[in-house]
Amino acid sequence: MFLLDDLFVRPFISIIDALHAMALEELYDVEGIRDALKENQLLYEIGELDEETYRERKETLEEELRVAREVHEQVRNKTIEVNA
Amino acid sequence: MTTDALYTYGVIEREDAEFDVNGVEGVDRAYTVDYRTLSAIVSEIGTVEPEETDENSRAHDDVLQTVIEERTVVPMRFGMAFKNEATLKSVLRGARPAFTRALREVDGALELGLKLVEREEATVDREAVREDVADRLDHRARSVVENDLFSDRLVLNRSYLVDRSARERFDDAVAGIEEDYDDLIVQYTGPWAPYNFVDIEIGGQ
């Protein structure tokens, strides 16, 4: 009986794991943050952002990028906790 | 400073040259290391893994700007540092056909960048703008590359490889675009080393 349960449950768990990993990767969208950094630079260069706003945004985005890269690394190495 | 590595900015046709520059990692000198028909432009820095800070990226571009004033260069991407001259020369030896071909392809030309940004509150027919700009500029360039539209505000983001001799007419054509489109902000940059028109993969350091 235990064997049967295990066989039924395991595929669902691995699907949930995969969905969770996909959700994390989407939430921590490295490409999106990189684009936001480039946009911030562009808007500063064309004079739509003052230097202070530009620097604050840049700092925030760089921190987001660092976290996002870390999350991706953990998802790849499967060291991140998955609470299905 | 202890010399640990040769930071490499780009490759030119063989020439003995020295440059007073603000280089990567704060160095003030760049010079050439030769291998047969090629010369690499290098600086001595204290690490094989320089950090890609704003200052270092700018310094990398600035050195290449100095180099392209008078010669054709195949630029390296940021971060190519080799542990010694022998390693660098072995890379030049391995990639010599690719460098030679790339130098021929970009010889006598410069890279210019054009971004068109929609003004806030404005709406333009993006497809029509892109076609019009292509009609006005593409025939004046040796080659064109379409870059990412990384912002919703960006209507166009292209790089052009333009003959030095055609530069003035190209500038005039861009000025015409700026005049004709009130709803667009034109960001015209360069000349740059031809980053977008050479594609050489360098292996391990």
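Respectively, the protein sequence lines represent chains W and C.
Quick note: the working numbering has the first sequence finishing at residue 225, numbered continuously throughout.
Quick note: the working numbering has the second sequence finishing at residue 335, numbered continuously throughout.
C-beta: ideal position from N, C-alpha, C; glycine also.
Bear in mind the structure is a predicted one, so any value in this text is a computation, not a measurement.
query	result
Neighbour flag for Glu-115 (chain C) against chain W, beta carbons, 9 Å	This structure cannot speak to residue 115 (chain C), because chain C is shown only from 131 to 335.
Gln-335 (chain C) versus Asp-265 (chain C): straight-line alpha-carbon distance, rounded	Here Gln-335 (chain C) scores only 45 on pLDDT, less than 50, and its place in the model should not be relied on; the value that follows carries that caveat. Those two C-alpha atoms are separated by around 43 Å.
Proximity winner among C:Glu-145, C:Leu-244 and C:Ser-295, relative to Val-275 (chain C) (alpha-carbon distances)	C:Leu-244
The segment 309-326 of chain C / the segment 234-253 of chain C touching (three or more Cβ pairs under 8 Å)	yes
Chain W contacts from the segment 266-281 of chain C (Cβ-Cβ distance under 8 Å)	Asp-278, Phe-280 and Ser-281
Best match in C:Val-172, C:Met-206, C:Met-210 and C:Val-197 for proximity to Glu-179 (chain C) [C-alpha to C-alpha]	C:Met-210
Within-9 Å CB hit, Arg-175 (chain W) to chain D	Of the chains in the structure shown, none is chain D; the protein chains are W and C.
Helix, strand or coil at Ile-330 (chain C) [DSSP, three-state]	coil
Where the beta strand (DSSP E) through Pro-321 (chain C) begins and ends	314-322
Buried versus exposed call for Val-292 (chain C) [16 or more other C-beta atoms within 10 Å across all chains shown]	buried
Classification of Val-126 (chain C) by the beta-carbon crowding that lies within 10 angstroms, buried from 16 upward	There is no way to answer for residue 126 (chain C), as the model of chain C reaches only from 131 to 335.
Contact residues within the segment 295-327 of chain C, judged by C-beta distance below 8 Å to chain W	Ile-315 and Gln-317
Under 9 Å between C-beta atoms of Ala-228 (chain C) and Ile-330 (chain C)	yes
Cutoff 9 Å: Glu-200 (chain W) Cβ touching any chain C Cβ	no
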